[in-house]
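Engineer:
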Amino acid sequence: MKPFILLSSLALCTLITACSHSHQVASPRYLPDDDMCSASQFQKYVGKPLTAVDDLQLDEPVRAIPAYASVSMDFSLRRINFLADEKGIITRVYCG
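Count the sequence shown with mature numbering (1 follows the signal peptide of the UniProt record, and there is no 0) and you get residues -22 to -1, 1 to 74, in order.
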């Protein structure tokens, strides 16, 4: 009888341990819509000088980023970013 109790206890411990380390399925990372700020509507600015965005009157926040500029790392889905190269020409328009 003693071996049966020992084996049962071992099986129970194994079962409890297996349950406590349940396999957690990694939740898919939230990938925001790439066009939450309507950046697709401003792709016509690519190739223009960064100063072209100075007069934009938009409801969304806008950030003009010159080459090698330091910018905050905050991420805003509704903000339109205009990224320029070292010549001051817009190379990319994106949300973030």
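Beta carbons: idealized from backbone N, C-alpha and C, even for Gly.
Pick helix, strand or coil for Val71, following the three-state DSSP scheme.
Structural biologist: Against the sequence shown, residue 71 aligns to sequence position 93. Looking at Val71 - three-state DSSP - the assignment turns out to be strand.
Engineer: Could you check which residue in Thr69, Gly66, Phe20 has the C-alpha nearest to that of Val40?
Structural biologist: Residue mapping note: residue 40 aligns to position 62 of the sequence shown, counting from 1. When only C-alpha atoms are compared, the closest one is Phe20.
Engineer: Excluding five sequence neighbours on each side, which residues of the same chain lie with their C-beta closer than 7 Å to the C-beta of Pro27?
Structural biologist: Indexing the sequence shown from 1 puts residue 27 at position 49. Only Gly66, Ile67 meet the Cβ criterion.
Engineer: For Gly74, tell me which candidate among Asp32, Val24, Glu38 has the shortest Cα-Cα distance.
Structural biologist: Position 96 of the sequence shown, counting from 1, holds the residue named residue 74. Nearest of Asp32, Val24, Glu38 to Gly74, Cα basis: Glu38.
Engineer: Have a look at Leu34 and Ile58 and give me their C-alpha separation to the nearest angstrom.
Structural biologist: Looking up residue 34 in the sequence shown gives position 56. Looking up residue 58 in the sequence shown gives position 80. About 11 Å.
Engineer: Kindly indicate which three-state DSSP category Ala30 falls into: helix, strand or coil?
Structural biologist: Locating residue 30 in the sequence shown gives position 52, counting from the first residue. Looking at Ala30 - three-state DSSP - the assignment turns out to be helix.
Engineer: What first and last residue would you give for the beta strand (DSSP E) that runs through Arg41?
Structural biologist: As a working mapping, residue 41 is identified with position 63 in the sequence shown. 40 to 43 is the span of the beta strand (DSSP E), which, as asked, contains Arg41.
Engineer: From Tyr23, Tyr72, Phe60, pick the residue whose C-alpha is nearest to that of Ala45; which is it?
Structural biologist: Locating residue 45 in the sequence shown gives position 67, where the first residue counts as 1. Closest option to Ala45, Cα to Cα, is Phe60.
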